[in-house]
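Remarks on the structure that follows.
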Amino acid sequence: MAEPVPAKRLLFLAHRIPYPPDKGEKIRSWHMLEHLSRHWRVDLGCLVDDPADIAHLPVLERVCERVHAARVTRSGRMARTLLGLRPGRPLSLSWFHEPGLARWVRRGLAEQRYDAVLAYSSAMAAYLPARAGGPFRVLDMVDVDSEKWRAYGATKGPKGLLWAREARTLLAFERRAAAAFDRTLFVSPQEAATFAKLAPEVADRIDWVENGVDLTRFDPALSWPDPFEAGNPAIVFTGTMDYRPNVEAVTFFAREVMPLLASLTPAPHFHIVGANPAPAVRALADLPGVRVVGTVPDVRPFLAHAAVAVAPLRIARGIQNKVLEALAMGRPVVASPEAHEGVHALAGQDLLVADGAEAMAAAVAKVLAGEAPGLGPAGRAAVIAGHDWEGKLSRLDRILLDA
103 MAEPVPAKRL LFLAHRIPYP PDKGEKIRSW HMLEHLSRHW RVDLGCLVDD PADIAHLPVL
163 ERVCERVHAA RVTRSGRMAR TLLGLRPGRP LSLSWFHEPG LARWVRRGLA EQRYDAVLAY
223 SSAMAAYLPA RAGGPFRVLD MVDVDSEKWR AYGATKGPKG LLWAREARTL LAFERRAAAA
283 FDRTLFVSPQ EAATFAKLAP EVADRIDWVE NGVDLTRFDP ALSWPDPFEA GNPAIVFTGT
343 MDYRPNVEAV TFFAREVMPL LASLTPAPHF HIVGANPAPA VRALADLPGV RVVGTVPDVR
403 PFLAHAAVAV APLRIARGIQ NKVLEALAMG RPVVASPEAH EGVHALAGQD LLVADGAEAM
463 AAAVAKVLAG EAPGLGPAGR AAVIAGHDWE GKLSRLDRIL LDA
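For what it's worth, the numbering used here labels the leading residue of the sequence shown as 103, then goes sequentially.
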């Protein structure tokens with residue numbers, strides 16, 4: 103009998119530890135890592151910015167052959183960023199640089215240990231040397247980060263100037279990185295098309311792998327205690343609450359949409375659920391009908407008992423996991439056009455899409471009045487059909503066959 107073919111070796115680099123999958127970038131990286139570990143012998147190199155996440159290393163050590171988790175602190179990052187400030191260099195690269203991880207990567211490459219490398223986020227591309235042969239390289243940018251900074255750069259004042267600089271320098275780096283990799287991935291065809299216009303020289307090496315949702319974990323058939331007070335319909339937003347697009351989204355909804363819903367009987371309450379509420383978010387608790395819940399061990403009870411989940415983002419890139427999770431839980435969803443982008447769900451049939459305060463208030467009021475009874479089941483059916491992780495990651499398998 104022929105000897106079994108040994109599994110190929112993959113280096114997986116991530117700018118945040120991929121477990122637990124409790125925020126956007128960690129959800130995607132975990133599902134990719136866990137999926138690839140079934141067919142590859144994986145070494146994981148990652149940064150750990152939350153000391154509590156160290157407790158989850160055993161999970162990663164079970165699916166990976168080697169794990170190098172480099173701990174970083176905010177003060178250390180600030181120092182490296184200031185020291186690394188020079189013309190043309192994005193601040194992001196110094197923020198995500200860790201010397202020990204860089205040495206570990208160089209050692210593995212020098213030993214010719216890998217058949218392929220997957221760098222998760224553009225910042226991790228900087229850990230690889232200039233191209234001179236070596237393993238097949240895949241860069242998963244996920245989103246066009248430079249476009250996010252460009253949107254921030256519209257802000258007046260010193261911060262706006264700083265963010266505009268980051269947009270320019272990061273785009274230049276993204277283009278150089280894509281030229282040094284065999285494939286560059288994005289989370290949606292829309293993001294891929296955006297980058298192809300910005301970097302036409304690498305358009306033939308751009309692809310995408312869309313996000314899925316864990317349909318077993320986010321299942322409306324499961325049961326949770328109701329976290330809400332009786333009598334007031336619950337409108338829910340979930341997300342990391344020190345992330346600027348989320349802060350702006352809930353501020354807009356609390357200050358501009360909620361007053362338009364105040365006359366409803368019974369009056370709805372807006373619940374902001376997510377870790378690390380920024381001061382601007384905590385201040386919203388002073389408004390009538392607004393509840394800042396903050397960090398919770400599990401968002402599913404809040405989604406399961408929500409009358410409606412909202413995603414009123416005005417700065418959004420790629421596919422919003424908060425929208426996929428709410429749809430998977432069978433809840434009616436009202437989203438902005440930006441939050442709807444990339445989601446395989448039909449506006450008006452599977453979810454409601456509304457642009458602006460008045461339109462969003464009208465859509466939420468329609469759901470609360472019981473005038474859109476089929477949204478919940480239709481939304482779950484849509485993500486079952488369009489956002490199953492195994493189906494989405496089969497595209498990544500095909501891309502890595504080139505290795």
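Note that the Cβ used here is the ideal one computed from N, Cα and C, for glycine as well.
A quick note: this is a predicted structure, and the numbers were derived from the prediction, not measured.
Taking the alpha carbon of Asp344 as the point to measure from, which residue in Ala382, Phe354, Leu498 and Ser139 has its own alpha carbon closest?
Ala382
May I have the straight-line CA-CA distance separating Leu362 from Glu276, to the nearest angstrom?
42 Å
Using DSSP's beta-bridge definition, name the partner residues of Ala221.
Leu115 and Leu241
Counting only the same chain and skipping the five closest in sequence on each side, list residues whose C-beta sits under 6 Å from that of Gly396.
Pro379
From which residue to which residue does the alpha helix (DSSP H) around Ile156 run?
Taken as a continuous stretch (DSSP letters only), Ile156 belongs to no alpha helix (DSSP H), as it is neither H nor E.
Cα-Cα separation, Ala377 to Val207:
32 Å
Taking the alpha-carbon positions, what's the Ala104 to Leu503 distance?
In this prediction, Ala104 has a pLDDT of 43, which is less than 50 and means its spatial position is unreliable; nothing more can be read from the coordinates.
Secondary structure at Arg215, three-state DSSP: helix, strand or coil?
coil
Counting only runs that start and end within the region 423 to 461, where is the beta strand (DSSP E) found for 3 or more residues in a row?
435 to 437
What are the start and end residues of the beta strand (DSSP E) that includes Ala411?
Val410 to Ala413
With which residues is Thr340 paired in a DSSP beta bridge?
Val375
Indicate the three-state DSSP secondary structure (helix, strand or coil) for Trp197 in the structure shown.
helix
Between Ala218, Pro302 and Val485, which has its C-alpha nearest Leu317's C-alpha?
Val485
Going by the CB atoms, is the gap between Arg118 and Lys63 shorter than 8 Å?
An answer regarding residue 63 cannot be provided, because it is not within the stretch 103 to 505 covered by the chain.
Which listed residue (Val169, Gly259 and Arg270) has its alpha carbon closest to that of Ser194
Arg270
Run of the beta strand (DSSP E) containing Phe283, from where it starts to where it stops
Careful: Phe283 lies outside any beta strand (DSSP E) and carries neither H nor E.
Arg143 in three-state terms, based on DSSP
strand
Are the CB atoms of Gly476 and Val435 within a distance shorter than 8 Å?
no
Anticipated Cβ contact below 8 Å, Arg179 with Trp197, distance rounded:
5 Å
Could you work out which residue in Phe354, Val150, Ala413 and Leu386 is closest to Thr340 when comparing CA atoms only?
Ala413
Is it a yes or a no for the region 238 to 255 touching the region 283 to 294, going by three-plus beta-carbon pairs under 8 Å?
yes
Can the beta-carbon of His137 be found less than 8 Å from the beta-carbon of Leu495?
yes
Among the residues of its own chain, which have a CB less than 8 Å from the CB of Arg307, if the five just before and after it don't count?
Ala280, Phe283, Asp284, Arg285 and Thr286
CA-to-CA distance, Lys468 to Leu115, given in whole angstroms:
45 Å
C-alpha gap between Leu405 and Met431, whole angstroms
7 Å
What whole-angstrom Cβ distance do Val75 and Glu312 have, given they're in contact under 8 Å?
For the chain, the structure presents residues 103 to 505; residue 75 sits outside this window and is missing.
Could you pull the DSSP bridge partners for Leu187 from this structure?
BP columns for Leu187 are empty, so no partner.
Based on DSSP bridge pairs, tell me the residues matched to Ile308.
Thr286
Which whole-angstrom value describes the C-beta separation of His373 and Arg393, a residue pair presumed to lie in contact below a C-beta threshold of 8 Å?
5 Å
Just how far apart, CA to CA, sit Pro403 and Ala332?
15 Å
So, Glu167 versus Asp145, is the Cβ gap smaller than 8 Å?
yes
Terminal residues of the beta strand (DSSP E) in which Gly396 lies
Val392 to Gly396
Could you tell me the distance, in whole angstroms, from the CA atom of Met466 to the CA atom of Ser223?
Just to set this straight, residue 466 is Val in the shown sequence, not Met. Looking at the two C-alpha atoms, the distance is approximately 35 Å.
Output the distance between the C-alpha atoms of Ala171 and Ile156, rounded to the nearest integer angstrom.
8 Å
Pro237 burial status per 10 Å Cβ neighbour count (16 or more: buried):
buried
Would you mind sorting Thr342 into buried or exposed? The rule is 16 or more other CB atoms within 10 Å of its CB.
buried
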